[in-house]
Amino acid sequence: MQASEPLRIGIVGTGFGQQTARVFQAHPRAQVAAICGRDPDRTAAVAAELAIPYTFTDYHEMISSAPIDAVAVVTPPHIHRPVAEAAMSRGKHVLCQKPLAESVESARAMRDLGATSGIVHGMDQQFRTMPVTLYLKDFLNEGAIGRPHSAVEQIQIDIWGYYAYRGGSPSKATWFTEPTGGGFLLALGWVWDRQLFLFGSPRSVDGSARIAIPEATLADGARVRTKAPDSIHAHVEFWSGLTLITQLAPARWGQHRTRLEILGDEGALLLSGPASAPVLQHAGVTDGNYRTLTIPERYQPSDLPPGVDAGAFMIADRFVRAVIDGEPMSPSFDDGLRTQELMEAIGRSDETGTRQELSSGIHAGIPS
Ligand SMILES: NC(=O)c1ccc[n+]([C@@H]2O[C@H](COP(=O)([O-])OP(=O)(O)OC[C@H]3O[C@@H](n4cnc5c(N)ncnc54)[C@H](OP(=O)(O)O)[C@@H]3O)[C@@H](O)[C@H]2O)c1
16 MQASEPLRIG IVGTGFGQQT ARVFQAHPRA QVAAICGRDP DRTAAVAAEL AIPYTFTDYH
76 EMISSAPIDA VAVVTPPHIH RPVAEAAMSR GKHVLCQKPL AESVESARAM RDLGATSGIV
136 HGMDQQFRTM PVTLYLKDFL NEGAIGRPHS AVEQIQIDIW GYYAYRGGSP SKATWFTEPT
196 GGGFLLALGW VWDRQLFLFG SPRSVDGSAR IAIPEATLAD GARVRTKAPD SIHAHVEFWS
256 GLTLITQLAP ARWGQHRTRL EILGDEGALL LSGPASAPVL QHAGVTDGNY RTLTIPERYQ
316 PSDLPPGVDA GAFMIADRFV RAVIDGEPMS PSFDDGLRTQ ELMEAIGRSD ETGTRQELSS
376 GIHAGIPS
């Protein structure tokens, strides 16, 4: 591609795909040329609202005939692999929403095809590129709390509000009504991805993946049985020596809440609040209490348009630069595969009642 030409994106998915479209439309070097959903009316309405020129109800058709250089995959996880493979096979660069796939087998196949096809492959994991996350990682690496040894992460989900959300596709319910949907173990794939970003390679995991709330009321009032896990607990040991306890659980008090507390031998860090705008706090050895940190300006993307999420813009910007300027893309499908291995190991630990080693494959011997 010429450096002066915009990157032309085709988006598959009209749910969160709308956010993806807005972020790329706000980027000065990208254009959203096409969008694809299954429901023709919904797809046409989204395209009209966002002024996207071409609409499709078949992603194969979009990939083969739309004027696009890249595909953003924003479908439910079990549709990521077929869409990404169709795109990569036709030489289109791919930015995939989290999780990379519904299984390690699919994630590995996607990573392998990405590695051999010469295209740019990226993960749309905006939680790891949020300014507060980047600052937190640097702060940890600079030794602000000494050697981190223990951490606890809690995500409380207003699952009732989530099920009754009207902005999603009707297909969204299948994430929970089909055992293959993956439930919150996969839907909250960003939690595991951010943990690996912050703490490095996991060595082993013990986990449970359960259904705490067996019935859901959907946006149209329908009551359905849930069949995929909504309540996940995991105990991960990292190669660095850090121990991390994670709880993802339904909580009925009208909001989602996140909290990550990291203890070191010279202080502690607390990241808490809404998932999209958490506050970072620090306590040193003599402080006794947390004090709130201000994120330095240098962690903001330099040309962030008003009203656009900084983490999402950063991912879009990295993807544009990777395709047009040949810069490396991070996070990539390699990162997606690592996260998938952890998620699948938690599920396997639940099924077998045994601790799972993660020391094989791409984790082998990698100290963090
Ligand atoms: N990063 C974040 O903060 C964030 C937030 C939310 C979601 N996500 C990710 O975004 C992805 C989609 O989630 P969502 O909430 O948007 O789900 P959703 O509301 O269920 O929307 C899924 C979209 O995919 C389309 N689709 C499904 N199967 C398809 C197929 N075979 N061909 C073409 N289109 C197909 C659906 O079309 P129809 O509606 O026409 O059936 C719908 O437009 C997931 O990977 C999720 O993890 C990320």
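The sequence shown begins at 16 in the working numbering and counts up one residue at a time.
Yeah, the Cβ is synthetic: ideal placement off N, Cα and C, and Gly gets one too.
On the three-state DSSP scale, how would you describe L149? helix
Under the assumption that G326 contacts M145 (Cβ atoms under 8 Å), give the Cβ distance between them as a whole number of angstroms. 4 Å
Hey, is Q210 close to ligand 1, as in C-beta under 7 Å from one of its heavy atoms? no
If you measure from the CB of I94, is any heavy atom of ligand 1 nearer than 7 Å? yes
Using the beta-carbon count (16 or more within 10 Å), is R218 buried or exposed? buried
F142 in three-state terms, based on DSSP: coil
Residue interval of the alpha helix (DSSP H) (run including Q17): Careful: Q17 lies outside any alpha helix (DSSP H) and carries neither H nor E.
Does the beta-carbon of G10, which I'm using as the reference point, lie nearer than 7 Å to any heavy atom of ligand 1? Not covered by the structure: residue 10. The range shown for the chain is 16 to 383.
Mind checking which residues open and close the alpha helix (DSSP H) that includes T309? Neither: T309 is in no alpha helix (DSSP H) and is coded neither H nor E.
Taking the alpha carbon of L36 as the reference point, which residue from F328, G368, D350 has its own alpha carbon closest? Position check: residue 36 holds Ala in this sequence, whereas Leu was assumed. Measuring from the Cα of A36, the nearest candidate turns out to be F328.
Might you give, ordered along the chain, the residues of its own chain that have their beta carbon closer than 7 Å to the beta carbon of R123, omitting 5 neighbours on each side? L352
Compare the C-alpha of E20 against each of T29, I26, Q46 and name the closest. Q46
Where DSSP assigns a beta bridge to P346, which residues make up the other side? DSSP, once it has assigned bridges, lists no residue as partnering P346.
Are the segment 43 to 59 and the segment 80 to 97 in contact at 8 Å, needing three or more beta carbon pairs? yes
Which one or two residues does DSSP pair with Y69 in a beta bridge? A49
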